[in-house]
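Note sheet for the following structure.
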Amino acid sequence: MIVTAGTTVEVRLPSRLGFEKVAMGTAASVAALMGFPSERIEDLKTAVAEACINAIEHGNHLNEQLSVGVILSATSDELEVKVIDNGSGIAKQPSKPDIDRKVHGEEDPRGMGMFLMQALVDEAEWVKDSKGKGSYVRLVIRLDKESD
Amino acid sequence: MQTETKATIDHISAPGGQSVTVLRFSGDISSSSKEPVLGAWQNVNGGGPVLLDFCKVDYINSSGIALIIQMLMEADKTGRKVAAFGLTPHFQKVFTMVGIAKYAGLYKDEPTALAAL
């Protein structure tokens, strides 16, 4: 099986923590079929998991009546992943986590998700739906990026 | 969907004879892991160093990383040395990215971690 440009895969997840692993597995499978090296696939899995966790917790507030959409779109040289929820999106980008402040109790030990997404993929952006019906995170990894 | 977190506590000796506590985790480390992770830490006795064994951990997310930072907070209060081993190369990278490596040495396996204490 070969993933050709224009191939799209869609998954809908219940807003229940743990189901981000379904999206991770799907993204990993598509990326492997596209020929991404294992290191990049691991990066993508973590970024997709964090995007789904944010969508489940903060976008859909763990409301299991709502689902999280995950759309994977392949081109010849990149894989785009959109993670869609019913929330209003983020008001502003959080600052980079500061481990010293966290360890000394001056900053919440949580709040690493968005930082990890930005650090692990080639593009990460947060987009509000133009009609006010939700928001999505768009993640992109490119085939030509050298492995770490 | 999530694999249950389990934690066991071992007591071993470093090559120099120092008493070392090893917290051995298995399964996922995520938001549902608070009780096993922090509960294990609360059962660490004495003032010696602690090794965190991640050899059997399949998945760690940002909520799990926050729990590990909470262990480091407790260790920092008492000056207890902490090191970790058994992380995959990916999670070694992630732990370094978020700064955990500054407070806990990351080693490939238990003998290497013990030798570094």
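Respectively, the protein sequence lines represent chains H and P.
Numbering (the working numbering) for the first sequence: 1 to 148.
Numbering (the working numbering) for the second sequence: 1001 to 1117.
Cβ coordinates follow ideal geometry from the N, Cα and C atoms, glycine included.
### Query
Within the 8 Å Cβ cut-off, does tyrosine 1103 of chain P reach chain H?
yes
Check your understanding: By the 10 Å Cβ neighbour count, where 16 or more other Cβ atoms means buried, how is arginine 12 of chain H classified, buried or exposed?
Key -> exposed
Review point. Ends of the alpha helix (DSSP H) at arginine 40 of chain H?
Key: Per DSSP, arginine 40 of chain H belongs to the alpha helix (DSSP H) from 38-54.
Any idea which residues DSSP pairs glutamate 78 of chain H with across the strands? H:Arg142
Counting only C-beta atoms, is tyrosine 1059 of chain P closer than 8 Å to chain H at any point?
For tyrosine 1059 of chain P, the answer is yes, since a Cβ of chain H falls inside 8 Å of its Cβ.
Same chain only: Cβ atoms within 7 Å of serine 15 of chain H, ignoring 5 sequence neighbours per side
Closer than 7 Å at Cβ, skipping near neighbours: Ile56, Asn60, Leu62, Asn63, Glu64, Leu66, Ser67 and Val68.
If you check the beta carbons only, do tyrosine 1152 of chain P and leucine 1052 of chain P fall under 8 Å apart? With chain P running from 1001 to 1117 in the structure shown, residue 1152 of chain P is simply not present.
Checklist entry - Between the region 1018-1035 of chain P and the region 1052-1062 of chain P, are three or more C-beta pairs nearer than 8 Å? => result yes
Grab me the residues of glycine 149 of chain H's own chain with a C-beta within less than 8 Å of its C-beta, minus the 5 sequence neighbours each way, in chain order.
Any answer about residue 149 of chain H is impossible in this case: the structure gives chain H only from 1 up to 148.
Query raised in the report: With contact counted as at least three CB pairs below 8 Å, one residue from each stretch, are the region 43-53 of chain H and the region 74-89 of chain H in contact?
Result: yes
| According to DSSP, is phenylalanine 115 of chain H helix, strand or coil? | helix
Just to confirm, is the Cβ distance from alanine 32 of chain H to isoleucine 41 of chain H under 8 Å? yes
For the alpha helix (DSSP H) containing arginine 101 of chain H, list its first residue and its last residue.
-> Boundaries of the alpha helix (DSSP H) harbouring arginine 101 of chain H: 99-103, taken from the DSSP string.
- request: State the Cα-Cα distance for the pair leucine 1117 of chain P and serine 95 of chain H, rounded to the nearest angstrom.
  value: 34 Å
Could you give the DSSP three-state label for phenylalanine 19 of chain H: helix, strand or coil? coil
| message | Can you tell me whether methionine 1001 of chain P is buried or exposed? The criterion is at least 16 other CB atoms within 10 Å of its CB, across all chains shown. | response | exposed
Tell me whether alanine 74 of chain H is buried or exposed, calling it buried when 16 or more other Cβ atoms sit within 10 Å of its Cβ. Answer is buried; the Cβ neighbour count reaches 16.
Next item on the list: Would you verify that the beta carbon of leucine 17 of chain H is, or is not, closer than 8 Å to some beta carbon of chain P?
Entry: At a cut-off of 8 Å, the C-beta of leucine 17 of chain H has a neighbouring C-beta in chain P.
Enumerate in chain order the residues of its own chain whose CB-to-CB distance from isoleucine 1012 of chain P is below 7 Å, with the five nearest sequence positions on each side excluded. Val1020 and Val1022
### Task
Report the option in P:Pro1015, P:Gly1017, P:Ser1030 and P:Leu1114 whose CA atom is closest to the CA atom of glycine 1086 of chain P.
P:Leu1114
Short CB-CB distance (under 8 Å) between valine 1098 of chain P and chain H:
Yes, valine 1098 of chain P counts as interfacial toward chain H.
Using a 10 Å radius around the Cβ and a threshold of 16 neighbouring Cβ atoms, would you call aspartate 43 of chain H buried or exposed?
By the 16-neighbour rule on beta-carbons within 10 angstroms, aspartate 43 of chain H is buried.
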